[in-house]
Amino acid sequence: MEKLESYDMELDTTTQTARLLIDIWAEPSKQNPHADVLVAPEFLTKFRSLLTSAEISTLKVLEGDIQSQINAERRAMIHNAIRRRKRALKTWSDFDANVYHSYEEMTEFMRLLSEQKPDMVEMIKVATSSEGRSIYGVKIHPPGPSTPEKPSIIVDAGVHAREWIAPAVALFMIKKIVHEYGINPQVTANLQKFDWYIMPQVNPDGYEYSRTNDRLWRKTRSKNVTVNRWCVGADANRNWGYRWGTVTQKNLERKKVFLGEAGANRTPCSNIYMGSHPYSEPEIRGLKEYFTWQITNPMVYISLHSYGQLLLSPWGYTNERTENYQDQQNAAKEAAQAIKNTTGVSYSYGTISEMMYPASGTSIDFMQHRGVPYIYGVELRPTDNPNSFAFNLPPMFIKATGDEMMAALNAIGTHAVKMKRL
35 MEKLESYDME
45 LDTTTQTARL
55 LIDIWAEPSK
65 QNPHADVLVA
75 PEFLTKFRSL
85 LTSAEISTLK
95 VLEGDIQSQI
105 NAERRAMIHN
115 AIRRRKRALK
125 TWSDFDANVY
135 HSYEEMTEFM
145 RLLSEQKPDM
155 VEMIKVATSS
165 EGRSIYGVKI
175 HPPGPSTPEK
185 PSIIVDAGVH
195 AREWIAPAVA
205 LFMIKKIVHE
215 YGINPQVTAN
225 LQKFDWYIMP
235 QVNPDGYEYS
245 RTNDRLWRKT
255 RSKNVTVNRW
265 CVGADANRNW
275 GYRWGTVTQK
285 NLERKKVFLG
295 EAGANRTPCS
305 NIYMGSHPYS
315 EPEIRGLKEY
325 FTWQITNPMV
335 YISLHSYGQL
345 LLSPWGYTNE
355 RTENYQDQQN
365 AAKEAAQAIK
375 NTTGVSYSYG
385 TISEMMYPAS
395 GTSIDFMQHR
405 GVPYIYGVEL
415 RPTDNPNSFA
425 FNLPPMFIKA
435 TGDEMMAALN
445 AIGTHAVKMK
455 RL
């Protein structure tokens with residue numbers, strides 16, 4: 035995979051832009067022995083020769099024209115946007131949580147919600163993006179004042195721009211929690227024990243760029259002024275300071291320790307470029323500051339991504355297990371069962387390095403280092419298998435995926451209450 039990534043961009047000296055030639059969507063893992071790779075038409079012959087030289091003989095073309103899927107999705111998005119503009123949003127309850135929204139629409143929903151339900155919802159600003167967008171979230175609590183020491187559940191989404199289902203699910207959860215408090219016993223019990231902090235879109239620049247220019251854009255939109263001006267942005271989930279750019283792999287049989295870089299990349303054109311230094315991205319710097327100084331008793335942290343249907347716990351930078359590994363796995367098991375009971379869909383669970391591949395500089399490892407007990411990077415629908423929708427999951431699946439995540443977080447919250455005697 036690393037050799038393939040060295041071919042990932044073609045630089046156009048005329049336009050001074052970089053064109054993606056190859057994009058590794060999913061690497062081989064213990065769950066799936068294959069890799070999902072997007073290849074530009076002009077690079078296909080070279081790609082086949084690289085596979086041959088690596089003695090890889092199995093190649094299956096799953097979709098010959100990804101652009102046609104993107105075009106269909108964009109037509110539907112434009113149609114829905116025109117329909118919504120004709121009917122201005124007047125109340126938070128009118129917000130349609132079953133479509134993909136612009137960042138402006140997301141912030142308008144949060145603003146209305148905080149104004150119309152001020153006894154339960156506070157709109158919070160957590161950071162400012164590279165392009166100057168304010169990054170907002172909401173704090174949700176039962177009606178009345180909330181004490182600073184109350185345990186909290188933190189959810190962020192949209193870290194990777196093209197993973198549209200993640201912010202959509204976060205918005206769905208916000209609306210569901212407020213609407214069903216006092217009606218749904220599980221939602222009510224959870225909110226009485228925990229304050230919720232939900233940041234539905236923490237990479238608004240990249241997200242808007244994926245909506246208007248490049249549907250498969252992954253990174254932020256910061257300018258690389260010192261290294262390579264043509265290649266824009268960094269992987270926001272490789273930019274956290276804890277173990278930034280460092281992976282530790284222990285070979286238990288040979289009793290050796292490997293220290294090096296993996297799961298991140300120092301090349302600005304790479305889709306997993308970790309940034310010029312830790313917290314180089316203002317979005318991540320702002321999140322770190324807010325999480326550190328404004329949330330005093332974090333109990334659960336969830337970062338929503340797609341795709342693969344996985345609950346991934348720390349560590350990412352090493353294959354060693356955390357001190358509370360078994361407790362985290364027990365909570366994940368209960369969450370996976372709750373999802374199964376809700377929609378019948380199966381989610382697998384384990385550490386990042388167990389289930390996927392090493393990844394350094396992640397928010398998951400930062401939160402573990404900080405001491406948050408229950409931490410999961412969630413890969414939402416669809417599954418990582420041939421003929422799945424990958425990043426282009428139709429909006430008809432938002433509700434079911436949102437219901438799954440509510441069931442999972444209610445289960446993790448119940449587990450935390452029991453184990454931590456809250």
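Remember, the working numbering sits 34 above the position in the sequence shown when you count from 1. Glycine included, each C-beta is placed from N, C-alpha and C at the ideal position.
Under 7 Å Cβ to Cβ from residue i, same chain only, skipping five residues before and after it: list those, please.
{"i": "Ala200", "result": "Ala191, Gly192, Leu338, His339, Ser340, Leu414"}
{"i": "Glu165", "result": "Asp239, Arg255"}
{"i": "Met453", "result": "Asp361"}
{"i": "Ala366", "result": "Leu345, Ser347, Tyr383, Tyr410"}
{"i": "Glu156", "result": "Ser148, Val172, Lys173"}
{"i": "Glu214", "result": "Val221"}
{"i": "Gly216", "result": "Thr222"}
Going by beta carbon distance, what residues of the same chain come within less than 8 Å of residue i, once the five residues before and after it are set aside?
{"i": "Gln343", "result": "Val379, Ser380, Tyr381, Ser382, Glu413, Leu414, Arg415, Pro416, Thr417, Asp418"}
{"i": "Glu183", "result": "Thr330, Asn331"}
{"i": "Glu295", "result": "At Glu295 the pLDDT is 48, less than 50, meaning the model places this residue with poor confidence and gives no usable figure here."}
{"i": "Trp126", "result": "Phe143, Leu146, Leu147, Gln150, Lys151, Lys209, Val212"}
{"i": "Ile386", "result": "Leu346, Ser347, Pro348, Trp349, Gly350, Pro392, Ala393, Thr396, Ile398, Gly411"}
{"i": "Met308", "result": "Ala268, Asp269, Arg272, Asn273, Trp278, Gly279, Ala298, Asn299, Arg300, Ser394, Gly395"}
{"i": "Ser163", "result": "Ile169, Asn237, Pro238, Asp239, Thr254, Arg255, Pro316, Glu317"}
{"i": "Ala370", "result": "Leu345, Ser380, Tyr381, Ser382, Tyr383, Ala442"}
Rounded to a whole number of angstroms, what is the C-alpha to C-alpha distance between residue i and residue j?
{"i": "Asn114", "j": "Ile169", "result": "24 Å"}
{"i": "Ser186", "j": "Phe228", "result": "5 Å"}
{"i": "Asp99", "j": "Ser244", "result": "18 Å"}
{"i": "Arg263", "j": "Lys124", "result": "43 Å"}
{"i": "Val451", "j": "Met154", "result": "22 Å"}
{"i": "Arg288", "j": "Gln362", "result": "Caution is warranted here: a pLDDT of 38 is assigned to Arg288, below 50, making its placement in the model unreliable, and no coordinate value can be reported."}
{"i": "Met25", "j": "Gln103", "result": "Residue 25 is absent from the structure shown; the chain starts at 35 and stops at 456."}
{"i": "Gly405", "j": "Gly320", "result": "19 Å"}
{"i": "Met35", "j": "Ile58", "result": "Reliability of the predicted coordinates at Met35 is poor, the pLDDT of 48 falling under 50, and no value is obtained from them."}
{"i": "Gly275", "j": "Phe431", "result": "34 Å"}
{"i": "Asp4", "j": "Thr141", "result": "The structure shown has nothing for residue 4, since the chain only spans 35 to 456."}
{"i": "Thr222", "j": "Trp198", "result": "28 Å"}
{"i": "Asn444", "j": "Pro177", "result": "19 Å"}
{"i": "His311", "j": "Val266", "result": "15 Å"}
{"i": "Asn358", "j": "Pro407", "result": "8 Å"}
{"i": "His403", "j": "Glu89", "result": "40 Å"}
{"i": "Asn66", "j": "Lys94", "result": "15 Å"}
{"i": "Arg108", "j": "Thr356", "result": "43 Å"}
{"i": "Asn224", "j": "Thr448", "result": "7 Å"}
{"i": "Leu293", "j": "Thr352", "result": "For Leu293, the predicted structure reports a pLDDT of 40, less than 50, and the residue's modelled location is therefore unreliable. The matter cannot be settled from this model."}
{"i": "Ser83", "j": "Ser91", "result": "10 Å"}
{"i": "Lys257", "j": "Arg455", "result": "47 Å"}
{"i": "Pro179", "j": "Lys322", "result": "25 Å"}
{"i": "Asn247", "j": "Tyr241", "result": "10 Å"}
{"i": "Trp327", "j": "Met333", "result": "15 Å"}
{"i": "Ile336", "j": "Glu97", "result": "32 Å"}
{"i": "Ala106", "j": "Leu54", "result": "21 Å"}
{"i": "Ala531", "j": "His194", "result": "Residue 531 is absent from the structure shown; the chain starts at 35 and stops at 456."}
{"i": "Ala122", "j": "Ile158", "result": "23 Å"}
{"i": "Ala424", "j": "Ala60", "result": "10 Å"}
{"i": "Lys374", "j": "Met233", "result": "26 Å"}
{"i": "Ile306", "j": "Arg252", "result": "9 Å"}
{"i": "Glu139", "j": "Ile188", "result": "22 Å"}
Please confirm if residue i has its CB atom under 7 Å from at least one CB of chain C.
{"i": "Phe143", "result": "Absent here is chain C; the protein component of the structure consists of one chain."}
Just curious, the beta strand (DSSP E) that residue i is in, first and last residue?
{"i": "Ser168", "result": "168 to 174"}
{"i": "Trp59", "result": "56 to 60"}
{"i": "Leu338", "result": "332 to 340"}
{"i": "Trp230", "result": "229 to 233"}
{"i": "Ala74", "result": "Unbroken run through Ala74: none, as it is neither H nor E."}
{"i": "Leu345", "result": "344 to 347"}
Assuming residue i contacts residue j (C-beta within less than 8 Å), just tell me the rounded distance between them.
{"i": "Met440", "j": "Met207", "result": "6 Å"}
{"i": "Ala202", "j": "Tyr137", "result": "Between Tyr137 and Ala202 the Cβ distance is about 12 Å, and since that is not below 8 Å, they are no contact."}
{"i": "Val132", "j": "Pro429", "result": "Here residue 132 is Asn; the residue named in the question, Val, does not match the sequence. Correct: roughly 6 Å between the Cβ atoms."}
Going by DSSP, what residue range makes up the alpha helix (DSSP H) through residue i?
{"i": "Ser87", "result": "78 to 87"}
{"i": "Val189", "result": "It is not in any alpha helix (DSSP H) - Val189 instead sits in the beta strand (DSSP E) that spans 186 to 191."}
{"i": "Glu323", "result": "316 to 327"}
{"i": "Met207", "result": "199 to 214"}
Tell me which same chain residues have a C-beta within less than 6 Å of the C-beta of residue i, skipping the five on either side of it?
{"i": "Tyr324", "result": "Val160"}
{"i": "Leu250", "result": "Arg196"}
{"i": "Ile446", "result": "Val334, Ala365, Ala369, Tyr408"}
*Only counting runs of 3 or more residues, tell me where the beta strand (DSSP E) segments fall wholly within the region 364 to 435, in order along the chain.*
Counting only unbroken stretches of 3 or more residues, the beta strand (DSSP E) elements lying wholly within the region 364 to 435 are 382 to 385, 408 to 414, in sequence order.
*Run through the region 92 to 157 for me and flag every whole alpha helix (DSSP H) of 4 or more residues, listed as ranges in chain order.*
Listed in chain order, they are 100 to 120, 137 to 150.
*List in chain order: all unbroken alpha helix (DSSP H) runs of 4+ residues lying wholly within the region 237 to 278.*
Within the region 237 to 278, the complete alpha helix (DSSP H) runs of at least 4 residues are 238 to 246.
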